[in-house]
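Just below is one structure, and these are the notes that go with it.
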Amino acid sequence: RKARPAGKVHDGMASCDAKGPPDAVSLDELRRALPTGTWRRCLQDYHTRFTADLALSWAGQGSEEEDSGSSCSAGVCQVVVSQRARVDGWHGSDPMTTGSTVWDSALMLALFMQDFPSKLAGLRVVELGSGTGLAGLLARRFGAAEVVLTDLPSMQELLQENVLRNFPGDEQQRVSARPLVWQDVGTTAWLKDGHTFDLVLMSDVLYHESAVQPLLTALAGLAAAKTSEGRLRGLWAQELHRPEHVEPARAALRSAGWGLEPLRAARDG
Numbered sequence: 001r002k003a004r005p006a007g008k009v010h011d012g013m014a015s016c017d018a019k020g021p022p023d024a025v026s027l028d029e030l031r032r033a034l035p036t037g038t039w040r041r042c043l044q045d046y047h048t049r050f051t052a053d054l055a056l057s058w059a060g061q062g063s064e065e066e067d068s069g070s071s072c073s074a075g076v077c078q079v080v081v082s083q084r085a086r087v088d089g090w091h092g093s094d095p096m097t098t099g100s101t102v103w104d105s106a107l108m109l110a111l112f113m114q115d116f117p118s119k120l121a122g123l124r125v126v127e128l129g130s131g132t133g134l135a136g137l138l139a140r141r142f143g144a145a146e147v148v149l150t151d152l153p154s155m156q157e158l159l160q161e162n163v164l165r166n167f168p169g170d171e172q173q174r175v176s177a178r179p180l181v182w183q184d185v186g187t188t189a190w191l192k193d194g195h196t197f198d199l200v201l202m203s204d205v206l207y208h209e210s211a212v213q214p215l216l217t218a219l220a221g222l223a224a225a226k227t228s229e230g231r232l233r234g235l236w237a238q239e240l241h242r243p244e245h246v247e248p249a250r251a252a253l254r255s256a257g258w259g260l261e262p263l264r265a266a267r268d269g
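Just so we're aligned: 86 in the UniProt record's numbering is position 86 of the sequence shown, and the numbers increase by one with no gaps anywhere.
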């Protein structure tokens, strides 16, 4: 297979044991690899892609990260996430059943947030379909005031693990995980009194057609439940592997009053 500059290779083999070295991804190297397509995680072997921890690093920017709870050493900051979810006692590493995989769209969203921290600064953020929570954790690193990671109840253990791993102690008051079933957003206990989120994060949330209507329901419910000033906004990174599902979702969002603006496109080489 092609080499992927953003991944770490040991003795000619990509790290594949979740107990061994993580899959090390540098945002700087990833950015340089964009024109070639060799940055894609689908080029990794199964274990590296689905079960190894992922460590995402970037060059620090001085004291700015300190206010966001960032752990930086020698000018390098990082977020490390586990991809090993357990569902009903089964090792849920299969991305089709648990959503616990870091997909390419999350990496693209990471680059965008790094390039435009002003779009996050001081905002209260909720992430839908968090999976590992990588995008939401990075949002806090890049300046969001508060982040709530959401996913199905079965994903809460993994999300809590990744929050604790990256934001120990008092920082957990600003980064938390909550269960959210999209179609039940209107009856979710922690949202019953409304919310004050400013921004919704989403990355690769549409693969199966069955997810389209629940996602639309969740977004409509969140928009209606906002109690603070200002309109609810969103950042959505989506690979177009199922355009027949994405395009109807876009059309439905426009019909519901959401303004959609393409911000960036990345070719897969």
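We put the beta carbon where it would ideally sit given N, CA and C, even for glycine. Keep in mind that this is a model prediction, so the values were computed, not measured.
Only buried fits Q44, as 16 or more other CB atoms lie within 10 angstroms of its CB.
Between V147 and E171, the gap from beta carbon to beta carbon reaches 8 angstroms or more. Separation of R124 and T51 (C-alpha to C-alpha, rounded to the nearest whole angstrom) is 30 angstroms. The Cβ atoms of T227 and G194 lie closer than 8 angstroms to each other. Look at the beta carbons and you see the stretch 194–203 not touching the stretch 162–180: under three pairs across the two are nearer than 8 angstroms. Following the DSSP letters along the chain, one finds S228 in no beta strand (DSSP E), marked with neither H nor E. Contact annotation, R174 with A145: C-beta distance approximately 7 angstroms; criterion of less than 8 angstroms satisfied. Nearest in C-alpha terms to L206, of all of V25, A237, V79 and C77, is A237.
Boundaries of the alpha helix (DSSP H) around Q213: V212 to A224.
For M202, the enclosing beta strand (DSSP E) has its first and last residue at L199 to S203.
Per DSSP, P35 lies in no beta strand (DSSP E) segment and is marked neither H nor E. Contact between the stretch 150–165 and the stretch 102–111 is absent: fewer than three C-beta pairs spanning the two stretches fall below 8 angstroms. Under DSSP, S73 forms a beta bridge with V76.
Residue pairing for G234: DSSP places it in a beta bridge opposite V200. The continuous alpha helix (DSSP H) containing D115 extends over residues D104 to D115. In this model, A121 and R231 are separated by some 16 angstroms (Cα to Cα). Collapsing the DSSP output to three states places V181 in coil. Rounded to whole angstroms, L158 and S82 show a C-alpha spacing of 7 angstroms.
Within a 10 Å sphere around the beta-carbon of S130 sit 16 or more other beta-carbons, which makes this residue buried. Where L149 is concerned, the enclosing beta strand (DSSP E) starts and stops at E146 to D151. Between the alpha carbons of R250 and V25 lies a distance of about 31 angstroms. In this structure, W103 sits away from S210, with a CB-CB distance that is not shorter than 8 angstroms. Per DSSP, the beta-bridge partners of E127 are L149 and L201. Around the beta carbon of G75, fewer than 16 other beta carbons sit within 10 angstroms, so the residue counts as exposed. Judged by DSSP in its simplified three-state form, S57 adopts strand. Closest in C-alpha terms to Q213, from the list L235, A189, E247 and H241, comes E247. Residue environment: W190 is assigned as exposed (fewer than 16 neighbouring CB atoms within 10 Å of its CB, all protein chains considered).
For R264, the three-state secondary structure derived from DSSP is coil.
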